[in-house]
Each structure stands twice: as C-alpha cells, then as structure tokens.
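In the UniProt record's numbering, the protein residues as written are 1 to 215. In this text, a Cβ means the ideal position worked out from N, Cα and C, and glycines have one as well. Working notes, structure below.
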C-alpha cells in the first residue's frame, strides 16, 4: 500500500497547500464560517496530534497539472520543482488542457487541428515522463467530447476526450494512449489502478439485445 500526499492543482509544481501539509499543518474548510485556513486554527488537540508527522510517512507527492495552453516545458518544470521541494517520487494523477470556445484556448473536439495538437502534446509528454526518473505514475484527465462535466464551465475542452462518456467508444486520442502499453518497470496490476478508466475494450457496433429493463 502506497501513501501519497493530497493532490492540489499546481501549474508551478508546488503549492501553498502542499507546503503546509508537508510541514505538518493541514488546510481544510472552517466549519463555522466557511473560510479556508490551517487545520490547527480550529481542531482539537487529538486531531492535531494525528496530523503531526503525517507527511513523514508519505511515499509519493501528487500533482494535478492543467493549463489552457500547450506547454510541455511547463509540465516538466513543474515536475522538477516538485522533486526539488520534497525529493519524493511523483504521481501526476491528473494532467490535461482546458479551453473556452471561440478563444485562443479553444480545444473543442470538433476542431481537428486542435485534436492533432493535443495528441502531439500528449505523445511528447508520455515520452518525456516515461524516462523521467522522478515520475512514478501519470494519468491523463479526459473531458467528455462536448466538455460537459460537474466541475467547471470550460466548454472548449472536448479535444482532450479519450472516449465518449455516453457510449464508451474510443476517440483517436484514447486509442493512441491505450496502445502505448505499460511503462517499463511498472507492475501491470499497479498500473491498472491508474489507467483502468481508459483501458476499455473497443466498443462494439452490435445493436443491444435488451430493452434496458433487463428483458
């Protein structure tokens, strides 16, 4: 069992939240007024003792990396910053691009030239991360083809999709990603934990044989 840090989104690699956690503090939401602050400000002594020293037993630190521009150097610089801060193996549990329709950062699925740019970026990122000695795991975060989600309102992110959420059918990006296989040195069972959402079989074109009511 691996123990990893919290995973703040940090384009620069490190973040205030992660710094405080790794120092033995903790950030969470104040239950009285909704503000955000240090755990020590409003938790009891028993909880403080539980939090102290937690970072000492963290095996790996986690990064979420999102940008509205394609910048491979920025991703690799973020990894280097995180390594230099903590000298622990790095898990990139989410990395992706986000965009807004009609802007310079429009990564909509219906724009084939943007899909090609995204695929080239991901291929280059995978090649670089696979040989980076500091990176233990990484995982692409795919928006749906039409960018719908319950987290944000970036409606021009569909080009990052690896499959259609409704049907499970691969996109070209998803086929490329899943075809790359398992990084050398990573056990298959461990790897599946990170990529199980994307390692789907090709969706069949056969018509359903049930009516949705298990009949």
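Supposed close pair residue i, residue j - CB separation, criterion 8 Å
i           : j           : result
residue 72  : residue 92  : The Cβ separation is near 13 Å, so there is no contact.
residue 82  : residue 61  : 6 Å
residue 233 : residue 155 : Given that the chain is displayed from residue 1 to residue 215, the structure contains no residue 233 and the question cannot be resolved.
Cα-Cα separation between residue i and residue j, rounded to whole angstroms
i           : j           : result
residue 127 : residue 56  : 31 Å
residue 10  : residue 166 : 30 Å
residue 114 : residue 103 : 12 Å
residue 164 : residue 2   : 31 Å
residue 80  : residue 147 : 30 Å
residue 133 : residue 125 : 14 Å
residue 144 : residue 160 : 8 Å
residue 23  : residue 94  : 24 Å
residue 16  : residue 96  : 21 Å
residue 151 : residue 53  : 32 Å
residue 18  : residue 7   : 8 Å
residue 138 : residue 65  : 10 Å
Residue i versus the options, residue with shortest Cα-Cα distance
i           : options               : result
residue 69  : 88, 112, 118 and 90   : 118
residue 4   : 90, 23 and 168        : 90
residue 112 : 167, 11, 158 and 141  : 158
residue 140 : 152, 110, 173 and 133 : 173
residue 177 : 153, 25 and 130       : 130
residue 135 : 84, 20, 144 and 67    : 84
residue 110 : 12, 6 and 171         : 171
residue 180 : 123, 153, 142 and 169 : 123
Beta-bridge partners of residue i, as assigned by DSSP
i           : result
residue 90  : 61 and 135
residue 163 : 170
residue 97  : 67
residue 140 : 95
residue 9   : 64
residue 4   : 60
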